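Structure record follows, encoded as structure tokens.
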Amino acid sequence: MKELQHLNKYFFKYKTYLLLGIIITIVARIFLLFTPRLVREIFVIVEKYKDGGDFGSSSIQAELGEIIFYIIGAAFIAGILTFFMRQTIINVSRYIEFDLKNEVYEHYQKLSLNFYKKNRTGDLMNRISEDVGRVRMYAGPAIMYSINTVTLFIIALIYMFSEAPKLTLYTIMPLPILSVAIYKLSREIHKRSTIVQEYLSKLSTFTQESFSGISVIKAYGIEPETSKNFNALAADSKDKHLSLARVQALFFPMMILLIGASNLLVIYIGGMQYINGEIESLGTIAEFIIYVNMLTWPVATVGWVTSIVQQAEASQKRINEFLNIAPEIKNTVNVDTNIDGDISFNNVSFTYDDTNIQALKNVSFTLKQGETLAILGKTGSGKSTILDLIGRLYDIDEGTITINGTKISQHNLTSLRNGIGYVPQDAFLFSDTIKNNIKFGKEDATDEDVISAAKKAHVHKNIIKFNNGYDTVLGERGITLSGGQKQRVSIARAIIKSPQILLFDDCLSAVDTETEEKILTNLNKISQNKTTIIVSHRVSSAKNADKIIVLDNGEIVQSGTHDTLINAEGYYKHLYLKQLSESEVDMD
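What follows is the structure, given as structure tokens:
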């Protein structure tokens, strides 16, 4: 139960509803337990008049009618209270489910990119859906039925002992056996539930990756192999579920057996006591049989509730594993900070934790507000890493990064990222309309703002050709659009927010040179008084920049302007001449 202590704050939050639900539950059980005692009274009346009594007399009819009225009334009140019991306690479980999902989701958003590199999407989804769902069963049905069971047992046993102490002891004899069996089965359920949840995560991850990469699977014609792998994983998951089900299946037969044994004991022992004169009325035996059968479902739910608690603890443990991970990137400044655009790297070094690859080594450069920096280099040279560090998606190992003369860690994280317009290398679009994808950079943008940004990104003409124009709903990851169109929509999303810093990570690689030139012309106008950093493999994207640096294995090997670098031996000149000759060939 240690893992489930995380929910105590939610129970405290909704304590009023819970206390009300507990009170209603207790009162409902009290009214329900009137019935056995009233049935005993009917037997007493029948026995009273069995020897020649006039069963048709008005006095007897009045007594019986009164008792029947009380039975119906008690059952009606118990039913009404049971309805309100479910409306309070079960509703609380839904509130807790809502709060817990929000807590998990908000924590996910705070965690760094390293976390997402180490964990699979399917597993993350499973913990916020399947695991939280199992925890909800503990916060609602498990608590409700536990209160119901405890209340019934306490009140019923008090009534039973007051009537026939010896018969009561014989009736509850099977319960210790039940308790030991539940304890042993619960431990096994806990262990198997954990394994089941792990396999659910594996299945979610496999299917999520398969659906996301369906175009690759079809292109390589590996559908049969993929299906074979899925069937193998599903078969393993099925075996684990069946293993858990076999253990859970022992509960109800065991409950029925033990309750049946209690009924036999009541009839036999009670009958013997009645014959020997130890019990005055057969109504007591009837009362005890009703008590035993009333307790049948609560006793049966002991096993079910125990199973729920064990599964919930296993699921909450998986949730807590993520909730206990401290975010690597922490916002240490609570007030908004100003982002003008002055950027300085001073001997910055950075190594990725997951691969232990040093991406940057003693990188230094300075940019004033309104200047443009172009970064070129081979794949894996550290170009994208510089942009990630400016957005503080990672924290550096050595050196300092300052913006407006202040260390980047001393800027409010929200202010910093609001002041940046970032276009990643892999353009990610959401399964939403094109308009909303562009407005993602500025939620309060008007339709005119959206169209203006699309025109600047040179994608407006493509959008209006769709049947629904800007209201066209994109497929997952923007699959409806071509690679170049996705990149240009991403550019529109970045520039619509009019940030102080613009970061473009090789975002024109999928467009032709003519479109690239038009976009760059527009960007030059947009970036007036804005600091811009362009990562590219094309000299055409870098030639108009105020400063150019060339990276190799994380180090700056060349820096200067386009004119100075094409006149110096090195990577930039070699790339320029190569791309120049390729463009001439294309023109031919």
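Residue 1 is where the sequence shown starts when you use full-length UniProt numbering, and the numbers rise one by one after that.
Ideal placement from N, C-alpha and C gives every residue a C-beta, glycine not left out.
This one's a predicted model, so the numbers in the text were calculated from it and none came from an experiment.
I need the DSSP call for residue i, collapsed to helix, strand or coil.
| i | result |
| --- | --- |
| residue 422 | strand |
| residue 361 | strand |
| residue 335 | coil |
| residue 430 | coil |
| residue 214 | helix |
| residue 466 | coil |
| residue 473 | strand |
| residue 367 | strand |
| residue 207 | helix |
| residue 480 | coil |
| residue 355 | coil |
| residue 105 | helix |
| residue 173 | coil |
| residue 585 | Residue placement at residue 585 cannot be trusted, given a pLDDT of 49 that sits under 50; what the coordinates show is reported in the next sentence. The answer is helix: DSSP assigns residue 585 an H, G or I state. |
| residue 554 | coil |
| residue 2 | coil |
Which value, in whole angstroms, describes the spacing of the CA atoms of residue i and residue j?
| i | j | result |
| --- | --- | --- |
| residue 44 | residue 291 | 17 Å |
| residue 275 | residue 158 | 24 Å |
| residue 177 | residue 194 | 27 Å |
| residue 470 | residue 435 | 5 Å |
| residue 440 | residue 431 | 12 Å |
| residue 8 | residue 111 | 24 Å |
| residue 347 | residue 364 | 5 Å |
| residue 46 | residue 161 | 24 Å |
| residue 5 | residue 137 | 15 Å |
| residue 27 | residue 78 | 8 Å |
| residue 241 | residue 315 | 15 Å |
| residue 102 | residue 266 | 52 Å |
| residue 573 | residue 491 | 28 Å |
| residue 128 | residue 104 | 7 Å |
| residue 555 | residue 521 | 30 Å |
| residue 330 | residue 209 | 30 Å |
| residue 82 | residue 244 | 31 Å |
| residue 562 | residue 325 | 46 Å |
| residue 362 | residue 185 | 60 Å |
| residue 444 | residue 438 | 11 Å |
| residue 252 | residue 148 | 18 Å |
| residue 460 | residue 480 | 16 Å |
| residue 585 | residue 524 | Unreliable positioning characterises residue 585 in this predicted model, as indicated by a pLDDT of 49, which lies under 50. The coordinate reading is nonetheless provided below. Taking the straight line from one Cα to the other gives about 28 Å. |
What residues match up with residue i in a beta bridge as DSSP calls it?
| i | result |
| --- | --- |
| residue 374 | 534 and 548 |
| residue 346 | 400 |
| residue 559 | 549 |
| residue 15 | Bridge partners of residue 15: none, in fact. |
| residue 379 | Paired residues: none, contrary to the question. |
| residue 501 | 420 and 531 |
| residue 407 | 402 |
| residue 25 | Answer is none; residue 25 lacks a bridge partner. |
Closer than 6 Å by C-beta to residue i: which residues in its own chain qualify, once you throw out the five before and the five after it? Chain order, please.
| i | result |
| --- | --- |
| residue 286 | 39 and 43 |
| residue 144 | 89 |
| residue 107 | 323 |
| residue 204 | 122, 125 and 126 |
| residue 17 | 88 and 92 |
| residue 327 | 110 and 111 |
| residue 519 | 458 |
| residue 532 | 372 and 502 |
| residue 307 | 189 and 248 |
Report all residues from its chain with a CB closer than 7 Å to the CB of residue i; omit the five preceding and five following residues, and keep chain order.
| i | result |
| --- | --- |
| residue 405 | 342 |
| residue 309 | 138 and 142 |
| residue 497 | 421, 441 and 442 |
| residue 453 | 438, 492, 495 and 496 |
| residue 565 | 548, 558, 572 and 573 |
Starting from the C-beta of residue i, find all residues in its chain whose C-beta is less than 8 Å away, skip the five residues before and the five after it, and write them out in chain order.
| i | result |
| --- | --- |
| residue 552 | 377, 378, 381 and 571 |
| residue 425 | 384, 505, 506, 507, 509 and 535 |
| residue 588 | Here residue 588 scores only 47 on pLDDT, less than 50, and its place in the model should not be relied on; the value that follows carries that caveat. Cβ neighbours of residue 588 beyond the five flanking positions: none. |
| residue 359 | 350, 351, 352, 382, 385 and 554 |
| residue 113 | 388, 393 and 394 |
Step through the CB atoms of chain C and report whether any lies within less than 8 Å of the CB of residue i.
| i | result |
| --- | --- |
| residue 429 | Absence of chain C from the displayed structure is noted, only one protein chain being present. |
- Query: Contact between the region 226-237 and the region 197-206: three or more CB pairs below 8 Å?
  - Reply: yes
- Message: When you compare the region 396-414 with the region 375-383, are there three or more beta-carbon pairs, one atom per stretch, that lie closer than 8 Å?
- Response: no
- Task: Could you tell me whether the region 148-164 touches the region 29-39, using the rule of 3 or more Cβ pairs below 8 Å?
- Result: yes
- Task: Please determine if the region 161-171 and the region 275-284 are in contact, where contact requires at least 3 C-beta pairs separated by less than 8 Å.
- Result: yes
- Query: Using 8 Å as the threshold, is the region 412-422 in touch with the region 390-397, meaning 3 or more CB pairs across them?
  - Reply: yes
- Query: Should the region 538-550 be called in touch with the region 396-405, which here means at least 3 C-beta pairs below 8 Å?
  - Reply: no
- Query: Does the region 503-523 come within contact of the region 478-491, defined as at least 3 CB pairs closer than 8 Å?
  - Reply: yes
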